[in-house]
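Protein chains in written order, with the numbering used here: chain V, 1 to 162; chain L, 1 to 390; chain B, 1 to 144.
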């Protein structure tokens, strides 16, 4: 109990300090370099509960495709030899651990045939094709350099909406 | 292969007697012997019946292997198929029925390399390619919808929705079998034909974009309507069906929006609800990939329904509710054996109801009038999507 | 002894109060609303730094500064469908456009750049553009 409390407090302090710095300087939070090395995935499971290899994982609230965590990638990185499509759509999902609605960028990994594992389709907040920025029905690999060879989908936290 | 011309003589007497009996029963030469069969025999299709249906397969687990299966709804037999390339959406079938068009995508190395988009023209009886029209490599790769591509009402021009993510429409002349041009439709999606040279698209703010082509298929006029639908509170699902001059769309909460094409343009007709307040309170809603079908002659609308909360607008259902388009009343409830996400209804006087789901590769067939389950056709590709009538 | 116990008790209570406060009331670090609106409505195509993708989505890193200097250019920035048709209110859209000029431009923003206003946006927004490519090309080649 005490240890859980400590971990929760320390995680929020981290967000409170580093996050505030990033958010208030107006610098976009995302790494812009393509092919960036994956950062340590999910440093604190208590603040980021659930298994990214399951459809029920909170960030998958509006995902449509195969989960890269099952395909040699992770919740925020692509499997080897695929391209992270920068162009995509961005939604929000509710994190049950801290009660916040996080802004989630569903970047696809492209350049090979489908991974075929861990198929997941949920549609919270999804809108029809005529609102592309809110639609998971497009193959967003269309915006990648390698083109529409869709392999799997990530769900990257990029901000906190509420 | 040569047949054996002499009979084997058994050693045992009783066998000989049996043989003799058999010889008497079977005829002067003994029991029937299979004749040699010719090599290289290939079937050809006969004239379609109203109960044939195309089951399009986007092969969601194997995008390079898109397919379209032709099924006879009465016999439950597969009649043939087309191999239709990468991220396949749907075949397009002109009224003459002599050919079938399939917008297709190919990579020079399967999943990588140079991308080439074509419209392949197939002979409808031999299911063989007889022509190919190259188009800009921009065709939208998406969950298949009837609005992703269409023929103008006179079947002269093919319209293909592009998404790169810039939005435009490719126009192809089926007479000259040539790419005519690309019409920018920025901010608006999909193509819904309204006449021999006209179609509309749906824009992100709920307005429509009406496009008119010249006789040659180039851009004549392109105009936005006022906002006709509320995209924020209760968006219109883009999976519309057509009856005559009217396109019918259901919103996420089950409000039916008729959009009627007149000479003056597209007009929103009065909406009406598919669900009573009580049914809404029980969370009934439509869902699936092709959730509506219409039987034109009788004016009946079929809708796949399920009980679910917001965000379940793509979930399949186990009931099909049937409405009379004149009275707006529900006239029938069909409970299905399996969950369905896509439905289609044949247009004859004894219609069949076809249903499939992207979660399985079977096609279920019902009598559309009585709702009686008839048969299932198994093993139709990987992930059947939209059902199209020839 | 009593005072010591009292001090200890007060100290313990204060510590646990602080601990409780830390757990329950850690200030939420929300993405500033204007940036959040950019992320949710624009960033998917225009990307975090506005660079887009050649041939698919135009970069805004030079063009927004250029276009925001003329009336025709400012009108274009509001009328382009991604802006005009978005669910953002006129004020929210004005704020996002201003934020984009100030934060995504490759060069320094001149001091005479004026932020977009809700009234300005409301006026232009009524006529969303469909002929986007040609209009953009014409505006960018026509610049002084």
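Backbone N, C-alpha and C fix where the C-beta goes; we use that ideal spot for every residue, glycine too.
- For the pair residue 65 of chain L and residue 384 of chain L, the CB atoms are not nearer than the 8 Å cut-off.
- Contacts between residue 111 of chain V and chain L, judged by CB atoms closer than 9 Å, involve 111, 112 in chain order.
- For residue 390 of chain L, the three-state secondary structure derived from DSSP is coil.
- Contact between residue 335 of chain L and residue 305 of chain L does not hold, since their C-beta atoms are separated by about 11 Å, which reaches or exceeds 8 Å.
- For residue 130 of chain B, none of the residues of chain V pass the 8 Å Cβ criterion, the least Cβ distance being about 14 Å.
- Annotated as proximal: residue 41 of chain B and residue 86 of chain B, with beta-carbon spacing under 8 Å.
- When DSSP reads this structure, residue 302 of chain L sits in a beta bridge with L:293, L:322.
- Closer than 8 Å to the CB of residue 159 of chain L there is not a single CB belonging to chain B.
- Between residue 55 of chain V and residue 120 of chain V, the C-beta spacing is below 8 Å.
- Under the three-state reduction of DSSP output, residue 354 of chain L falls in the strand class.
- About 5 Å separates the Cβ atoms of residue 95 of chain B and residue 34 of chain B, confirming a contact at the 8 Å cut-off.
- Nearest neighbour of residue 104 of chain V by Cα position, chosen from V:126, V:140, V:114, V:159, turns out to be V:159.
- Below the 9 Å Cβ cutoff, chain B contributes 130, 131, 132, 133, 134 as neighbours of residue 184 of chain L, in chain order.
- Taking residue 348 of chain L as the centre and dropping the five residues before and after it, the same chain places the C-beta of 50 closer than 7 Å to its C-beta, in chain order.
- DSSP places residue 86 of chain L in no alpha helix (DSSP H); its state is neither H nor E.
- Contact annotation: residue 169 of chain L and residue 191 of chain L have beta-carbon atoms nearer than 8 Å.
- Taking 8 Å as the CB threshold, residue 236 of chain L lines the interface with chain V.
- Think of a sphere of 8 Å around the beta carbon of residue 165 of chain L: the chain B residues whose beta carbon falls inside it are 45, 56, 57, in chain order.
- Here residue 147 of chain V is buried, its C-beta having at least 16 other C-beta atoms within 10 Å.
- Distance from the CA of residue 343 of chain L to the CA of residue 387 of chain L, rounded to the nearest whole angstrom, comes to 7 Å.
- Interface annotation, residue 126 of chain V: in contact with chain L, CB-CB separation under 8 Å.
- Of all residues in the stretch 57-69 of chain V, none is placed with a Cβ closer than 7 Å to any Cβ belonging to chain L.
- Within the DSSP bridge table, the entry for residue 343 of chain L names L:355 as partners.
- As DSSP reads the structure, residue 70 of chain V sits in no beta bridge.
- When rounded, the separation of the alpha-carbon atoms in residue 253 of chain L and residue 280 of chain L is 8 Å.
- Per DSSP, reduced to three states, the secondary structure at residue 222 of chain L is strand.
- Pairing residue 97 of chain L with residue 124 of chain L gives a Cβ-Cβ distance under 8 Å.
- Listed in chain order, the positions of the stretch 74-103 of chain B with a beta carbon within less than 8 Å of a beta carbon of chain L are 80, 81, 82, 84, 85, 86, 87.
- Looking at the DSSP output, residue 251 of chain L sits in a beta bridge with L:236.
- Counting along the chain, residue 135 of chain L sits inside the beta strand (DSSP E) bounded by residues 129-135.
- Rounded to whole angstroms, the gap between the alpha carbons of residue 138 of chain B and residue 131 of chain B is 11 Å.
- If you compare the alpha carbons of L:278, L:361, L:369 with that of residue 320 of chain L, the shortest gap goes to L:369.
- Under the DSSP assignment, residue 73 of chain B falls in the alpha helix (DSSP H) whose first and last residues are 71-79.
- For residue 101 of chain L, the CB contacts under 8 Å within the same chain, skipping 5 residues up- and downstream, are 91, 92, 93, 94, 119, 120, 121, 122, 151, 158, 174 in chain order.
- Each residue's CA atom was taken as its position, placing residue 276 of chain L and residue 325 of chain L some 16 Å apart.
- Cα atoms of residue 87 of chain L and residue 105 of chain L: separation of roughly 7 Å, rounded to the nearest angstrom.
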